[in-house]
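In what follows, a single structure is set out as structure tokens and then discussed.
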Amino acid sequence: MSSLAKNYNRRNLSFLKGKGSFLYASNGKKYLDFVQGIAVNSLGHANPYLVKAINKQSKKLWHVSNSFRIPEGERLAKRLTQKTFAESVIFQNSGAEATEAAIKVAKRYFYSIGKSRKNRILCIKNSFHGRTIATINASGSKKMMEGFGPKIKGFDHFEFGNHKKLKKMITKKTAAVMVEPIMGEGGIKVIPDWCLRELRKICNKTKTLLILDEVQCGIGRSGKFFAFEHAKVKPDIVPIAKGIGGGFPIGAVLMTKKVASGMTPGTHGSTFGGNPLAMSVGNAVLDQIFKKEFLKNVKKLSRYFHSELNKIKEEFPKIIKEVRGIGFLIGLQLFNNQSKFIQKLMDNNLLTIRAAENVIRILPPLNVKKKEIDLALKIIKKVCLTYK
Numbered sequence: 007m008s009s010l011a012k013n014y015n016r017r018n019l020s021f022l023k024g025k026g027s028f029l030y031a032s033n034g035k036k037y038l039d040f041v042q043g044i045a046v047n048s049l050g051h052a053n054p055y056l057v058k059a060i061n062k063q064s065k066k067l068w069h070v071s072n073s074f075r076i077p078e079g080e081r082l083a084k085r086l087t088q089k090t091f092a093e094s095v096i097f098q099n100s101g102a103e104a105t106e107a108a109i110k111v112a113k114r115y116f117y118s119i120g121k122s123r124k125n126r127i128l129c130i131k132n133s134f135h136g137r138t139i140a141t142i143n144a145s146g147s148k149k150m151m152e153g154f155g156p157k158i159k160g161f162d163h164f165e166f167g168n169h170k171k172l173k174k175m176i177t178k179k180t181a182a183v184m185v186e187p188i189m190g191e192g193g194i195k196v197i198p199d200w201c202l203r204e205l206r207k208i209c210n211k212t213k214t215l216l217i218l219d220e221v222q223c224g225i226g227r228s229g230k231f232f233a234f235e236h237a238k239v240k241p242d243i244v245p246i247a248k249g250i251g252g253g254f255p256i257g258a259v260l261m262t263k264k265v266a267s268g269m270t271p272g273t274h275g276s277t278f279g280g281n282p283l284a285m286s287v288g289n290a291v292l293d294q295i296f297k298k299e300f301l302k303n304v305k306k307l308s309r310y311f312h313s314e315l316n317k318i319k320e321e322f323p324k325i326i327k328e329v330r331g332i333g334f335l336i337g338l339q340l341f342n343n344q345s346k347f348i349q350k351l352m353d354n355n356l357l358t359i360r361a362a363e364n365v366i367r368i369l370p371p372l373n374v375k376k377k378e379i380d381l382a383l384k385i386i387k388k389v390c391l392t393y394k
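First residue of the sequence shown: 7, per our numbering; consecutive thereafter.
See below:
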């Protein structure tokens, strides 16, 4: 009997090793992994370049306190600010921590300019921003909140797509609006470009900060470094994690110089956040993603994947309701419960994962090969045939 707590409904499957897009299980089978740690392993399993970077840094220095300068972190922060809207970065260990810190940054900014009553965060109901007490309150999900009351004050919610309610919900007490440009756990729901642009205008008009949660959809997964870049908007605060570490735990909050001004010494900290080993891995990930043709290839192959999935949808219109997402953040919405379909995919050696609204999440590594996409398509079509 396992001594692990039962907070995960784990599949009865374990792995001995991974390489690229594949996992090799203890049962002797080889699986095409289109979960990749839930959009974490951006460069696949055991990527040689990342392995080299980890080995090199591990022989020098793993961890020092943030009481001292960490050159590897300074370099990573500089590279992130040079390539994005941001002017300042705080490193964390995970997406939940990054989102929690983003909330703190927004509140602290208004406190620092003498507007402490401007402290509420407006989010989409049933969104996902992490599993800390603050972030489950931000999500506004009754299911996630069950057993973790009382409800924390300071969060308001509007329904996805309800723009009228959104405008009404922003008051003089609203510090920030926080949304995922592509809702991952929520069902791979893409916020349209025009909507993000309108949201930026509303935030400007009401002097409200815009937090765009790119923990799952960022770091190249949409075909651009950030998903919000498709809409050509400039946020104030962006929490990131997952793909930036390529499998190593890294999170961060990116922000403008204006909002960063409130984060004075002692306002926030992290024991492990920004340690030399993590920062070296983050820099190695950027080395690959910032290569000239890398994101162009993500766009090219993901368009092919989406096109072929839509052909399967047309062939099986009673099984697949919709193909969702952008880039390699893909969702197949089914008419029936997705659990059986996911199991059948796994029986045929393709690993996927669920999301809300009866959606199957498909998350290949960003450097996936076309022949691996074709293999996934073949398996998906085969499973659809079993439902006829």
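We put the CB at the ideal spot given by N, CA and C, even for glycine.
Residue range 161-164 is occupied by the beta strand (DSSP E) that includes HIS163.
GLN294 carries a helical assignment under DSSP once its states are collapsed to helix, strand and coil. Within a 10 Å sphere around the beta-carbon of ASN18 sit fewer than 16 other beta-carbons, which makes this residue exposed. Taking a 10 Å sphere around the C-beta of PRO370, we find 16 or more other C-beta atoms and assign the residue as buried.
Between ARG367 and ILE194 the beta-carbon gap is near 6 Å, inside 8 Å, which marks them as a contact.
Counting C-beta pairs with one atom in each stretch, the region 216-228 and the region 164-171 have fewer than three that are closer than 8 Å, which means they do not touch. Sequence-distant Cβ neighbours of ALA52 in its own chain, meaning closer than 6 Å and more than five residues away, are GLY24, LYS25. With a contact defined as Cβ atoms closer than 8 Å, MET261 and ALA92 qualify at about 6 Å.
Under the DSSP assignment, VAL46 falls outside any alpha helix (DSSP H); it carries neither an H nor an E label.
Looking at the backbone, the Cα of VAL365 and that of ILE127 are separated by about 28 Å. A straight-line Cα-Cα distance of about 38 Å links SER313 and MET151.
Contact annotation: the region 235-249 does not touch the region 305-321, with fewer than three C-beta pairs closer than 8 Å.
For ARG126, no alpha helix (DSSP H) encloses it; the enclosing beta strand (DSSP E) starts and ends at 126-130.
Within 10 angstroms of the beta-carbon of PRO156 lie fewer than 16 other beta-carbons, which makes it exposed.
Setting aside the 5 residues that flank it on each side, ILE142 is surrounded in the same chain by MET150, MET151, PHE154, each with a C-beta closer than 7 Å to its C-beta; the list follows chain order. Distance from MET175 to HIS135 at the Cβ level is roughly 17 Å; contact not present, criterion being Cβ atoms closer than 8 Å. In this chain, the alpha helix (DSSP H) harbouring LEU391 covers 376-392. Close CB contacts of MET285 within its chain, under the 6 Å cut and outside five residues either way in sequence, are with GLU78, GLY79, LEU82 (chain order). In the structure shown, HIS51 falls within a strand segment according to DSSP collapsed to helix, strand and coil. Assigned with DSSP and collapsed to three states, LYS58 falls in helix. Remark: C-beta atoms of THR214 and ALA266 do not approach each other more closely than 8 Å.
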